[in-house]
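*Asks:* Quick one: the structure is below, and I'll ask about it shortly.
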Amino acid sequence: MKTRHVPADDAPQMAAPTQLMDCHGARLPMAAWTYQDEVLPLRRPLLTHSQHRYLPKKSDVPQFSYLSSSTSSYAMPGTTNVSKEILLRILYHAVTDTSPPAAFPPTTRNSIGLVCKYWRRTLINAPSLWQFITLCPTNDQHRERRLAVAYTWLRRGHGAPLYLDLCSGMPEHLPPRIEDLLYGGGAFSLLEKIIQPFAFRIVSLSCILCKEDVGAFLALPQGTFPVLERVNIFFVNAIPDLRSQFTMEERTSFTVFVDAQRLTSARLHLFNDLHPLELRLPWAQMMSLDFGSVAMSEEICVGVLQRAAGSLVEGCFSMVFEGRGDPHFPHAPIPMDVSMRRLRRLRLFLGGEVADAEFFQFVGIPMMKNLRVEKSGGFTGEDLNAILPVIASASASLEQLTLLDIDMPTNTHPHRPLFYSEITSILLATPQLVYLHLPRSIFLDGDLLEDIAFGRVLPSLRALDLAAAGVENGNRLVEMVIRRNAQADVQATPGSSSSSVPEATPRVMPISFLRLEVALVDRGILQEWVEGLRSSGWLRDITVDVSTED
């Protein structure tokens, strides 16, 4: 049968197909990859007459199908011996793996369909293999063909739950048109043509909404997505005009999320000047919220936390402290004593005058295990004092603490470094801490190293990631870890003499990982000294990583 050429850009997934091999490991020519199929379009190069001379004959590959068409009677050895149940499990993991190995590239369905007719029929007739659909950005040509391909893929799932990915991320450098990031290149409305017709099946939705689709999506009637559980949506009007024009009446009448009874996870990127509280999410059932790309005031952030206090397990928020009140949502009150009893993981991006913030004084997170705070311009001693209350509220549970500087130039500290007196209050408030990552503006030295070595501070610490203030400070940090681990060995040895252990010393855990960030000029010297200790046996069971500042 003569095969029909399918344009290369018709496939929803645009990565190159896997190179096929015969049973002896020899590569089959690209012409052998082509088959006739409306559902699984595959790229095919157009061969010239002279190139056809180099294609092997069928007799040259007797143990492998020469797949010039889907009607071939050949098949890979053993492919038809796999039971349908086992084959379905294999194919399901192949097409749903979010980080597939080399054997399963993004064009997995294309490759599976080329193995043999049995595998191809199994693939096409199994709705479970069409639940996870990714439609990558394309140009605006072949409008009808692109819609046909998308519909065919989506309909193969029948009524099965649908995990639809129309865009899982935004590039660092935006293209001239926002439509260049969309499947179909803006030739049709993704909301009208793809999302709405299959809304009743969508469990997870990742997409970019722009221009008229933003308002149309937010105004969808409640109940449009009856099984929706997760969303990852970028709201962008256009490039460079990111803001959407909404009246105050429109801002208070968004209904799409009002009756989303199963929605528990939302990652929303509001680049178009929308307000988080305007979206009317079902706050009382939200377990994961990510507004990390939305700079909001502390009043609004506390308002979100108050509404989700009974359910939120993981949160990411960006706050800018620039005075009281929010011009877009002035009636949002500042509640007091918000207790987030279910919150376990919290990530904060902070900007402005953190030292004057009241947020950390009335938010308590008693069960928090992981806290990550990133501060624009670096931390000051006043900043540490400001965030201390929220850290102290999780004193009995906090296991991982990460403090990071944002936008700090390499090897440059905009203010004086912080030492013992300004960091010790936070370390004393975290006795259960297992992992500590400090920013470049905070150094550990002096009496604090002695306290850590004997477990008077951070007795449970197992991993430490921080900057060193030169070679000498780096040496003292490594020596501190060696002394601490020796202390831990003494305490762990049955029948060891208590005379070598200072009185009132708590149970000390050994540090197994130390990462030191140093200036480029100091790295070689410190690395050589560490290697000398390692060869001498002093760093047994300790991983020391010396790296340079980015």
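If you read the sequence shown in numbering that gives the first Met the number 0, its first letter stands for residue 0, the second for the next number, and so on.
From the three backbone atoms N, C-alpha and C, an ideal C-beta is built for every residue, glycine too.
Every value quoted in this text rests on a predicted model; they were computed, and no experiment measured them.
#1: Would you mind sorting P386 into buried or exposed? The rule is 16 or more other CB atoms within 10 Å of its CB.
#2: What is the rounded straight-line gap between the Cα of S243 and the Cα of F233?
#3: Relative to the C-alpha of L463, which residue among E471, V545, S394, S396 is closest?
#4: So, with DSSP's three-state summary, where would you put L427?
#5: Cα separation between L180 and I194?
#6: Specify the secondary structure class of A462 as computed by DSSP and reduced to three states.
#7: How big is the Cα-Cα spacing for M295 and M318?
#8: Exposed or buried, which one is R306 when buried takes at least 16 other CB atoms within 10 Å?
#9: Going by C-alpha to C-alpha distance, which of K116, H92, L276, S203 sits closest to S127?
#10: How big is the Cα-Cα spacing for E171 and A237?
#11: Would you list the one or two residues that DSSP bridges to T547?
#12: Between the C-alpha atoms of G531 and N474, what's the straight-line distance to the nearest angstrom?
#13: When the Cα atoms are used, what is the spatial distance from E291 to F348?
#14: Am I right that T137 and R144 are in contact with their C-beta atoms under 8 Å? What's the rounded C-beta distance?
#15: Just list the residues that DSSP pairs F245 with in beta bridges.
#16: I need the straight-line Cα distance from L465 to P174, nearest angstrom please.
#17: Buried or exposed, going by whether 16 or more other CB atoms sit within 10 Å of the CB of D540?
#18: Could you pull the DSSP bridge partners for D404 from this structure?
#19: Compare the Cα-Cα distances from G351 to each of F361, E373, G363 and report the closest residue.
#20: Is D36 helix, strand or coil by DSSP?
#21: Measure how close the beta-carbons of F224 and A259 come, nearest whole angstrom, since I'm counting them as under 8 Å.
#22: Kindly confirm or deny that the stretch 350 to 365 and the stretch 385 to 401 touch, where touching means at least three C-beta pairs closer than 8 Å.
#23: Just confirm the distance between the C-beta atoms of M367 and R346, as a whole number of angstroms; I'd bet it's less than 8 Å.
#24: Quick check: what's the CA-CA separation for G112 versus L86?
#25: Answer with buried or exposed for I405, where buried requires no fewer than 16 other C-beta atoms within 10 angstroms of its C-beta.
#26: In terms of residues, what are the limits of the alpha helix (DSSP H) holding C300?
#27: Kindly list the residues whose CB is nearer than 7 Å to the CB of L227, restricted to its own chain and excluding five residues on each side of it in sequence; keep chain order.
#28: So L217 is in the alpha helix (DSSP H); what residue range does that whole segment cover?
#29: If we require 3 or more residues per run, which beta strand (DSSP E) segments fall completely within the stretch 93 to 174?
#30: Taking only the alpha-carbon atoms, compute the straight-line gap between I299 and A265 and give it to the nearest angstrom.
#31: What does the Cβ neighbour count give for S534, buried or exposed, with the cut at 16 atoms within 10 Å?
#32: Please classify N124 as buried or exposed, where buried requires at least 16 other C-beta atoms within 10 Å of its C-beta.
#33: What does a CB cutoff of less than 8 Å around A354 pick up in its chain, not counting 5 residues either side in sequence?
#34: Is it true that the CB of L476 sits closer than 8 Å to the CB of A485?
#35: Report the rounded CA-to-CA distance for V114 versus R108, giving the unit in angstroms.
#36: Name the one or two DSSP bridge partners that N231 has.
*Replies:* According to the structure data:
#1: What sits at residue 386 in the sequence shown is Ile, not Pro. Per the 10 Å Cβ criterion, buried.
#2: In a straight line, the C-alpha of S243 is about 13 Å away from that of F233.
#3: Ranked by how close their Cα comes to the Cα of L463, the residues E471, V545, S394, S396 have V545 in first place.
#4: DSSP, read as helix, strand or coil, puts L427 in helix.
#5: Spanning the two alpha carbons is a distance of roughly 16 Å.
#6: Note: A462 maps to strand in three-state DSSP.
#7: Rounded to whole angstroms, M295 to M318 spans 5 Å at the Cα level.
#8: Looking at its Cβ environment, which holds 16 or more other Cβ atoms inside 10 Å, R306 is buried.
#9: Comparing alpha-carbon positions, the option among K116, H92, L276, S203 lying closest to S127 turns out to be H92.
#10: Approximately 16 Å between the Cα atoms of the pair.
#11: DSSP output for T547 lists V517 as bridge partner(s).
#12: If you draw a straight line from the Cα of G531 to the Cα of N474, it comes to about 12 Å.
#13: Correcting the residue type first, residue 291 is Gly in the shown sequence and not Glu. Their backbone Cα atoms lie some 7 Å apart in a straight line.
#14: A Cβ-Cβ distance of about 10 Å is found for the pair T137 and R144, leaving them out of contact under the 8 Å criterion.
#15: Answer is none; F245 lacks a bridge partner.
#16: Distance from the CA atom of L465 to the CA atom of P174, rounded to whole angstroms, is 37 Å.
#17: Label assigned to D540: exposed.
#18: Beta-bridge partners assigned by DSSP to D404: K374.
#19: If we check each option's Cα against that of G351, E373 comes out closest.
#20: Summary for D36: the model assigns pLDDT 36, below 50, so the residue's position carries little reliability; its value from the coordinates is reported in the next sentence. Correct three-state label for D36: coil.
#21: Contact flag correct, Cβ pair sits at about 6 Å.
#22: Flag = yes, the stretch 350 to 365 and the stretch 385 to 401 touch.
#23: M367 to R346, Cβ: 11 Å. No contact.
#24: Those two C-alpha atoms are separated by around 13 Å.
#25: When all chains shown are included, I405 counts as exposed.
#26: Segment 297 to 306, the alpha helix (DSSP H) holding C300.
#27: Answer for L227: I201, V202, L204, A259, R261, L262, listed in chain order.
#28: DSSP places L217 in the uninterrupted alpha helix (DSSP H) bounded by 211 to 217.
#29: The DSSP assignment places 131 to 133, 161 to 164 as complete runs of the beta strand (DSSP E) inside the stretch 93 to 174, in order along the chain (cut-off: 3 residues).
#30: Going by the C-alpha atoms only, they are around 17 Å apart.
#31: Residue environment for S534: exposed (fewer than 16 other C-beta atoms within 10 angstroms of its C-beta).
#32: With fewer than 16 other Cβ atoms inside 10 Å of its own Cβ, N124 counts as exposed.
#33: Here the set comprises T379, E381, D382, N384, A385.
#34: No, Cβ-Cβ distance for A485 and L476 is not below 8 Å.
#35: Cα to Cα, V114 sits roughly 10 Å from R108.
#36: Per DSSP, the beta-bridge partners of N231 are S205, R266.
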